[in-house]
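> Below is a structure I'd like to ask you about.
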Amino acid sequence: MSTALNTSLATGTEIPARPRSSFSGVAAGLVLFLLCAAGIWSIDSLGINIPTLVNSFDNAVNFIGRMFPLDFPPLGESVALIVETLAIVFLATLLSVVLSIPVALMAARTTTRGRFSQGTARALIVLARAIPDLVLAIVF
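FYI, the numbering for the sequence shown is 1 to 140, going by our numbering.
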């Protein structure tokens, strides 16, 4: 490219050449295009009707209007519920500590002779860490 094309007319300074598109930039553009296409395909396959969504805006405003003002229970009942929640949290933490000590001792190489019990305890620890707390709360 000639220098004449890369020179600013106002100041006479040379403008640096535009960098070529890198592979990561092209890949990012392709991923963005594919995500948009997947979103459009999802909306179409779910049968979502955009005009119906726009026309039901009044229903959303009505719903939000019914949420306010917030209706809190009396202070005594709120305090009792807070104390109950904190008691549940404390007891759950205490129970988890009590249950984790034997599992930790079974998983340790220095305190367990059997490889089966050691492997079972380690698998239980890995499983407990892999499953989100919300899933465990729903199951139990």
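Don't be surprised by glycine CBs; every beta carbon is placed ideally from N, CA and C.
Measure from the alpha carbon of A137 to the alpha carbon of each residue in V98, A92 and L81, then state which is nearest.
Taking the sequence shown and counting its residues from 1, one reaches residue 137 at position 137. Checking every option, the nearest Cα to that of A137 belongs to A92.
> Residue range of the alpha helix (DSSP H) that P51 falls in?
The residue given as residue 51 occupies position 51 in the sequence shown. Looking at the DSSP string, the run of the alpha helix (DSSP H) that includes P51 is I50 to N55.
> Distance, Cα to Cα, V97 vs S117?
As a first step, residue 97 must be located in the sequence shown, where it is residue number 97. As a first step, residue 117 must be located in the sequence shown, where it is residue number 117. Between V97 and S117, the C-alpha separation is close to 20 Å.
> I want to know whether the segment 120-131 touches the segment 101-109 - three or more CB-CB distances under 8 Å.
yes
> Out of curiosity, what's the CA-to-CA distance linking F63 and F57?
By one-based count along the sequence shown, residue 63 stands at place 63. By one-based count along the sequence shown, residue 57 stands at place 57. When only Cα atoms are considered, F63 and F57 end up about 10 Å apart.
> Alpha carbon to alpha carbon, how far is G47 from A17? Give it in angstroms, no decimals.
Counting from one through the sequence shown, the residue named residue 17 turns up at place 17. Counting from one through the sequence shown, the residue named residue 47 turns up at place 47. Looking at the two C-alpha atoms, the distance is approximately 48 Å.
> In chain order, which continuous runs of the beta strand (DSSP E) of length 3 or greater are located wholly inside the segment 67-92?
none
> For L75, which of G114, A37 and V83 has the nearest alpha-carbon?
Position 75 of the sequence shown, counted from the first residue, corresponds to residue 75. Per the Cα distances, V83.
> Out of curiosity, what's the CA-to-CA distance linking V54 and L70?
Your numbering for residue 54 matches position 54 in the sequence shown. Your numbering for residue 70 matches position 70 in the sequence shown. About 27 Å.
> What are the boundary residues of the alpha helix (DSSP H) that includes R122?
For the purposes of this step, residue 122 is identified with residue 122 of the sequence shown, where counting begins at 1. Run containing R122: R115 to A130, per the alpha helix (DSSP H) assignment.
> Residue range of the alpha helix (DSSP H) that A27 falls in?
Start at 1 with the first residue of the sequence shown, and residue 27 comes out as number 27. F23 to L46 is the span of the alpha helix (DSSP H), which, as asked, contains A27.
> Between which two residues does the alpha helix (DSSP H) harbouring A137 extend?
The residue given as residue 137 occupies position 137 in the sequence shown. Run containing A137: D133 to V139, per the alpha helix (DSSP H) assignment.
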